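Worksheet: one structure, shown below.
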Amino acid sequence: MDVVIVESPAKAKTINKYLGSGYKVLASYGHVRDLPPKDGSVRPDEDFEMSWEVGKPSQKRLTEIAQAVRAADGLVLATDPDREGEAISWHVLEVLRQKKAIGKKPVSRVVFNAITKKAVLDAIANPRQIDEPLVDAYLARRALDYLVGFTLSPVLWRKLPGARSAGRVQSVALRLVCDREGEIERFKPQEYWQVVAHLATERGEAFDARLTAFEGDRIQRLSVSNGERAGTIKSMLESASFVVDSVEAKPTRRNPGPPFTTSSLQQAASAKLGFSASRTMQVAQKLYEGVDIGGETAGLITYMRTDGVQMAPEAIENAREAIASDFGKRYLPEKPRHYATKAKNAQEAHEAIRPTSFSRSPKDVEKYLDRDQLRLYELVWKRGIASQMASAEIERTTVEIVAKSGDRTANLRASGQVVKFDGFLAAYVDHRDDSKNASDSDDAEDDANRLPEMNAKERSERRSIEASQHFTEPPPRYSEASLIKRMEELGIGRPSTYAATLQTLQDRDYIVVDKRKLLPDAKGRLVTAFLQNFFERYVEYDFTADLESKLDRISAGELDWKDVLREFWKDFSSHVDGTKELRVSDVLDALNEDLAPLVFPEREDGTEPRACPRCGTGQLSLKLGKYGAFVGCSNYPECGFTRQLGTSLAVDGAEAGQDDGPRELGTDPETGEAVTLRTGRFGPYVQRGEGKEARRTSIPKGWEVGSIDLEKALKLLSLPREVGKHPEDGEPMIVNLGRYGPYVQHQKTYANVESVEDLFEMGPNRAVSLIAEKREKGGRARGAAAALRTLGEHPTFGGEIEVKDGRFGPYVTVAKVNATLPKGTDPQSVTLEQAIELINARAEKTGKKPGAAKKAAPKKKAADDGETKSAPKKKAPAKKAAPKKTTATKSKATSKVDASDESVPWDAD
């Protein structure tokens, strides 16, 4: 019998069933060891020797694996088919060698690109050895992330109090968000006018034509820059005659896009389904590991961490068979399509993300999947099958029209297109969402912009002339999807780590998400400004991309991993040493200059922006306090003026007792009381009235304080608001703004609302729908934390792990150990492995012993935990000498998805 090691216990059961009694499949539960989050784990002075530590949850697991291997004929390492999977196999093998469990037994490495019986058996039949260059690339990546995090973060703590950490990839991703915000703030809108003629053919068929030239001058987008010129053109066209000068119909073809990669799937899921990157990966993981389909567990998609765009030959053949069967032979191109990725540093070893069987359509599996799983599977299936379909045939028509009024002339153009043969577009016709939002942007379109038939020399009838004013707009803020796309274009980071990187930035409070747009928080802007001033090279896009390229060359066996580390550490360590004499005043001077337009915006009255509004003689400057940066007066302590830094950095107001006074917004027309904008200990808020009876409401996160007027203040002060009675019991449904954001409440059920604006517009129908959806998922009833899901047994504590929704949000629990789910995690998608990691981290932090909750358990079960039960009860707390950040980092570092850029210390808030 051979022992097979996989990562997930869910996969272990399915794969063991496929392989039969000749194999014993065990799960490693992701990473089994990692670098301890403390100084000295990577030692550059010892040629980058690395100290590895087995996590407590993994110790018992590895002992069980070692026992099984000793009794087995051989070992098969079958962890995931990516860099992290290769590293886990290497770690498991190293530990087993240390335990002397291998001996002379054969060891092989296999990868399952899909969890289907055929894929598993084919992989077992084609074993290989561990890919050493791939492991070397992993070691280099872990060492780099550790060295950057544990070297740069302490510099931040000393020179920029309130900053939490810096990372090799996260800091560059943060810079992208901050740079885009800077572009928006510097943007100066330009006025322009568009002139459109609403015309009709001689047969009365209406169409529109846009101005392209006027009196011989070519008209481009910004050519007509004011209303006066637009009016002149409009007047001329209103008295002109219109004649068709030429009609050109040009056939063209549109080809389908390639199947999904990790990043393009995240982009499409964000645009079409509204999924965050982490949510996309959670749902995709479940589809990959397998779902129960009519009594059989089967993986529905191939491995979802890839930047390859090719499909296996047998998959292409399967897709072509499905196309011929479902769409007809005309939709089948003569030859299979082959794709090449355009992304920098892409690795083509893996397949694209595709269905494991194209004959398994979304309709066939709909009854076995939940809503999110079905929607994502439908996205993958349609993109995969469309990638092998025939091109769409389109006829684009351009009509040139001449307008004459006396001796004055103008030229106009009308354009349209007709889909002559839909080709691959047929795969999208029944999609429930607007397919133009997909990552390839135009996967489906119709004949909405078809032009009527026209001929040269034909006269056109004028219906009306329209001149409309417009202003250029700044570049849009990044969404998760567009930021991932930009990072991929620049070659920054890896697709498998994008979701974790973005979540880290949110967890650090460096960015906030508002209506799916990413805004840099004040803390993020300060950190980026600091790094750009004092560590500019290490947040440069090209430098980071070049380092990624070197890591990829290591994985290809072209570079020695320690040579890359030596080259990096030589320059980086000397640069850090050069900042030791850097004074905090130097930092503040640099930040005051770099962020001056934001921290000290120009005043409407034209007075000096940095003049203290209270004393008049002091100068405003950034100050650093225990909880971060703020603006203060240079005449302190004589003048105690301070001002907070908000999301957009420049925030009017001040700390309670130290402000420049409330700003009056107006009077409430119903009560006659004054409405004011103030800033207190916990940030800006609006207030109606004075004294103890005054009504106060905080400014929601993401709202710009400078944009708060009387209308917005009155809306906030109207909360909580009753939207109607529930039809079942007549009890009121209330919308309000709470600690965790906007929500709607009915009795003891609280359902999240997408945005604050929805609170003011929501009607009873929408409220009933949200409450029903929440109850269907397992709504929160305060005072009664009912189990939403049961995940499985904890390997150390024993007992079933449950997912519950409590007063402070969803959490996992077992043996009286409660661990809160990370911000943004969907309780319906939490896996057993994730729950075990969270519970173990919480138990270690609180000193909870595995045997402590088992006093009433049967003797047989207690014996299973004999090793931990016999330990003295008071030893666990003694191990908590390390600060909070150590424990938190360890729990993060053992998570596979965070391993790329998470070896940075967390601050002990």
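For what it's worth, full-length UniProt numbering labels the leading residue of the sequence shown as 1, then goes sequentially.
We treat Cβ as the ideally placed atom computed from N, Cα and C, and that holds for glycine.
Please read all numbers here as calculations on a predicted model, not as lab measurements.
Contained beta strand (DSSP E) runs [length at least 3] in the UniProt domain "Toprim" (1-111), N- to C-terminal order: Listed in chain order, the complete beta strand (DSSP E) runs (minimum 3 residues) inside the UniProt domain "Toprim" (1-111) are 2-6, 23-27, 74-77, 107-109.
Measuring alpha carbon to alpha carbon, tell me which of P355, V584, I219, S246 ends up nearest A284. With distances taken between Cα atoms, A284 lies closest to P355.
Please state if the CB of V6 and the CB of T79 are separated by a distance shorter than 8 Å. Their beta carbons are under 8 Å apart, which means T79 touches V6 by this criterion.
Can you check which of these residues, R43, P597, V196, is closest to R142 by C-alpha distance? That would be R43, whose Cα lies nearest to the Cα of R142.
With DSSP as the reference, identify every bridge partner of M733, one or two as the case may be. Paired residues: G724, H746.
Taking contact to mean 3 or more Cβ pairs, one atom from each stretch, closer than 8 Å, check whether the segment 181-198 and the segment 450-469 are in contact. Put simply, the segment 181-198 touches the segment 450-469. At least three CB pairs are less than 8 Å apart.
Which one or two residues does DSSP pair with Q687 in a beta bridge? For Q687, the pairing in a beta bridge is given by DSSP as T676, R696.
Determine whether the beta carbon atoms of S555 and R516 lie at a separation below 8 Å. Cβ atoms of S555 and R516: not closer than 8 Å.
Classify R254 as helix, strand or coil using the three-state DSSP reduction. Strand, per DSSP.
Limits of the unbroken beta strand (DSSP E) element including D805: In this chain, the beta strand (DSSP E) harbouring D805 covers 800-806.
Judging by CA-CA distance, which residue of E608, A340, D307, D586 is the nearest neighbour of G493? Sorting E608, A340, D307, D586 by C-alpha distance to the C-alpha of G493 places D307 at the top.
Sequence-distant residues of its chain with Cβ nearer than 7 Å to V135 (five each side left out): Around V135: E86, A87, W90.
So is G691 buried or exposed if we call it buried at 16+ other beta carbons inside 10 Å? Taking every protein chain shown into account, the CB of G691 has fewer than 16 other CB atoms within 10 angstroms, so this residue is exposed.
Hey, quick one: how far does the beta strand (DSSP E) through Q194 stretch, first residue to last? Here the beta strand (DSSP E) through Q194 covers 191-200.
Outcome for K523 when other beta-carbon atoms lying within 10 angstroms are tallied against a minimum of 16: K523 is buried by the Cβ-count criterion.
According to DSSP, which residues form a beta bridge with D208? DSSP, once it has assigned bridges, lists H198 as partnering D208.
Three-state secondary structure assigned by DSSP to T280: Note: T280 maps to helix in three-state DSSP.
Beta-carbon proximity of V735 to P700, cut-off 8 Å: It is not a contact, given that the beta carbons lie outside the stated cut-off.
Straight-line CA distance for I316 to K382? Looking at the backbone, the Cα of I316 and that of K382 are separated by about 14 Å.
Report yes if the C-beta distance between L265 and V120 is below 8 Å; otherwise report no. Using a Cβ distance threshold of 8 Å, L265 and V120 do not count as a contacting pair.
Simplified DSSP assignment, three categories, for K623: In the structure shown, K623 falls within a strand segment according to DSSP collapsed to helix, strand and coil.
CA-to-CA distance, F760 to G689, given in whole angstroms: Going by the C-alpha atoms only, they are around 22 Å apart.
Could you please give the first and the last residue of the uninterrupted alpha helix (DSSP H) stretch that includes S549? Start and end: 541-555.
Check whether the segment 373-389 and the segment 252-265 touch, using three or more Cβ-Cβ pairs below 8 Å as the test. Counting Cβ pairs under 8 Å, three or more are found: they touch.
With burial defined as no fewer than 16 other Cβ atoms inside 10 Å of the residue's Cβ, what is the status of D292: buried or exposed? Classification for D292: exposed.
Cβ-based neighbour list, S415, same chain, cut-off 6 Å, excluding 5 preceding and 5 following: Around S415: T398.
Please name the residue in V309, T642, L199 whose C-alpha comes closest to that of R413. The alpha carbon of R413 has as its nearest neighbour, out of V309, T642, L199, the alpha carbon of L199.
Identity of the residues DSSP links to H470 by a beta bridge: In the DSSP output, where bridge partners are listed per residue, H470 has Y192.
Note down the Cα distance separating K13 from Y23, rounded to an integer number of angstroms. Straight-line measurement puts the Cα of Y23 at about 11 Å from the Cα of K13.
Contact between the segment 528-542 and the segment 586-594 is defined here as three or more beta-carbon pairs at a separation below 8 Å; is this criterion met? Three or more beta-carbon pairs separated by less than 8 Å link the segment 528-542 to the segment 586-594, which places the two stretches in contact.
Presumed contact (8 Å Cβ cut-off) between V76 and D131, rounded CB distance: Rounded, the Cβ-Cβ distance is 15 Å, inconsistent with contact.
Assign T341 to one of three DSSP states: helix, strand, or coil. DSSP places T341 in coil when its eight states are reduced to three.
May I ask you to report which of helix, strand or coil DSSP gives P597? Correct three-state label for P597: helix.
Please check the pair N455 and V247, which I expect to be a contact at CB under 8 Å, by giving their CB distance rounded to whole angstroms. N455 to V247, Cβ: 6 Å. Contact.
May I have the straight-line CA-CA distance separating P476 from E754, to the nearest angstrom? If you draw a straight line from the Cα of P476 to the Cα of E754, it is about 20 Å long.
Just list the residues that DSSP pairs R128 with in beta bridges. Assignment of beta-bridge partners to R128 by DSSP yields R109.
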